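Numbering (the working numbering), first residue to last: 79 to 348. Have a look at the structure below, then the notes.
In structure tokens:
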């Protein structure tokens, strides 16, 4: 498989002087997601955890369920990587009817969507969950994220999506140069029945497409270090998602469904 990062020469200016040296930078390659032999989307991504990426993208874009995926193979080509995903016949027929192209820069989650209806599709309602978090647990989840970003620590140019539970702390984390890709990879790595038992933690801003993917993944709580958009808050509220943003180890802001956050004294009584 291709390298996820490599050193490149650069000239640094600091303290009034130039210095030669190098910096580790993340790899960014074209990754095609092909279903039953036909390319559906091309994303710029970090070439790691690609089977997770294929599973997560397939779920969050509503293409197929995990049980409808027959096989996944990553084929390296001179131009990038072709993720060849084979679906059951019924799922393949559905996918062919809504095929779209998504070639574009990593910062854009809506590139190539060919209708306003698709871009603004209603988020899937969050499944019922008994998950309740204390303020201390929310801040613990954010603080724990720092130790699970090796690519970011090395390059300062990668996003992270992580899954936190009270029992395990950060249970699973995935990184990518694209924030949507990191979330798809995380969703592809987690069993569906586990997602309702913890919180999704993101290093990026929360836009409507991230809410759509979080809801499709079945997470009841989303914690982000940056601010959300107004549309993202409205969508999260309608879908039943608890949206926490501007989260730091010493505080946070809750925008929707605060009933999943319980006071510390209530947790002590419980």
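All C-beta atoms, glycine included, are put in the ideal place defined by N, C-alpha and C. These numbers were taken from a predicted model, which means no experiment stands behind them.
Taking 7 Å as the limit between beta carbons, can you name the residues of its chain near residue i, skipping five residues before and five after?
i, result
"residue 305", "283, 323 and 324"
"residue 112", "118, 160, 161, 162 and 163"
"residue 232", "83 and 102"
"residue 275", "209 and 243"
"residue 166", "146 and 148"
"residue 311", "321, 333 and 334"
"residue 219", "242, 277, 279 and 301"
So what does residue i bridge to, in DSSP terms?
i, result
"residue 253", "238"
"residue 100", "87"
"residue 163", "113 and 150"
"residue 123", "107"
"residue 331", "323"
"residue 92", "95"
"residue 339", "211"
"residue 280", "239 and 302"
"residue 143", "The partner list for residue 143 (beta bridge, DSSP) is empty, contrary to what the question assumes."
"residue 155", "158"
"residue 247", "243"
Quick check: the Cα distance between residue i and residue j, rounded to an integer number of angstroms?
i, j, result
"residue 100", "residue 198", "43 Å"
"residue 190", "residue 121", "Note that residue 190 scores 45 on pLDDT, short of 50, meaning its location in the model is unreliable; the coordinates nonetheless yield the value given after this. The alpha-carbon atoms of residue 190 and residue 121 are separated by roughly 11 Å."
"residue 116", "residue 329", "47 Å"
"residue 234", "residue 288", "21 Å"
"residue 277", "residue 286", "18 Å"
"residue 256", "residue 221", "22 Å"
"residue 308", "residue 94", "43 Å"
"residue 110", "residue 258", "15 Å"
"residue 81", "residue 341", "45 Å"
"residue 104", "residue 262", "18 Å"
"residue 170", "residue 202", "21 Å"
"residue 134", "residue 214", "30 Å"
"residue 142", "residue 129", "15 Å"
"residue 126", "residue 238", "13 Å"
"residue 155", "residue 114", "18 Å"
"residue 343", "residue 291", "33 Å"
"residue 85", "residue 303", "28 Å"
"residue 175", "residue 98", "54 Å"
"residue 260", "residue 273", "16 Å"
"residue 144", "residue 168", "13 Å"
"residue 279", "residue 313", "18 Å"
"residue 180", "residue 87", "Residue placement at residue 180 cannot be trusted, given a pLDDT of 42 that sits under 50; what the coordinates show is reported in the next sentence. Spanning the two alpha carbons is a distance of roughly 32 Å."
Check each candidate in the options and name the one with the smallest Cα separation from residue i.
i, options, result
"residue 205", "156, 320, 85 and 339", "320"
"residue 339", "239, 208 and 222", "208"
"residue 230", "136, 296, 210 and 281", "281"
"residue 317", "168, 94, 298 and 123", "298"
"residue 245", "211, 151 and 227", "211"
"residue 332", "301, 295 and 170", "301"
"residue 151", "136, 143, 157 and 132", "132"
"residue 138", "343, 314 and 294", "294"
"residue 315", "327, 303, 335 and 296", "335"
"residue 136", "108, 173 and 168", "173"
"residue 270", "260, 296 and 253", "296"
"residue 108", "87, 144 and 158", "158"
By Cβ distance, which residues of its chain are closer than 6 Å to residue i, with the 5 residues on each side in sequence left out?
i, result
"residue 92", "none"
"residue 247", "222"
"residue 184", "Note on residue 184: pLDDT 45, under 50, position unreliable in the model; the coordinate value appears next. Excluding sequence neighbours, residue 184 sits near 122, 255 and 256."
"residue 217", "327"
"residue 187", "Summary for residue 187: the model assigns pLDDT 49, below 50, so the residue's position carries little reliability, and this model does not support an answer."
"residue 224", "none"
"residue 106", "122 and 255"
Under 8 Å Cβ to Cβ from residue i, same chain only, skipping five residues before and after it: list those, please.
i, result
"residue 96", "89 and 90"
"residue 250", "240, 241, 264, 267 and 268"
"residue 227", "236, 238, 251, 253 and 281"
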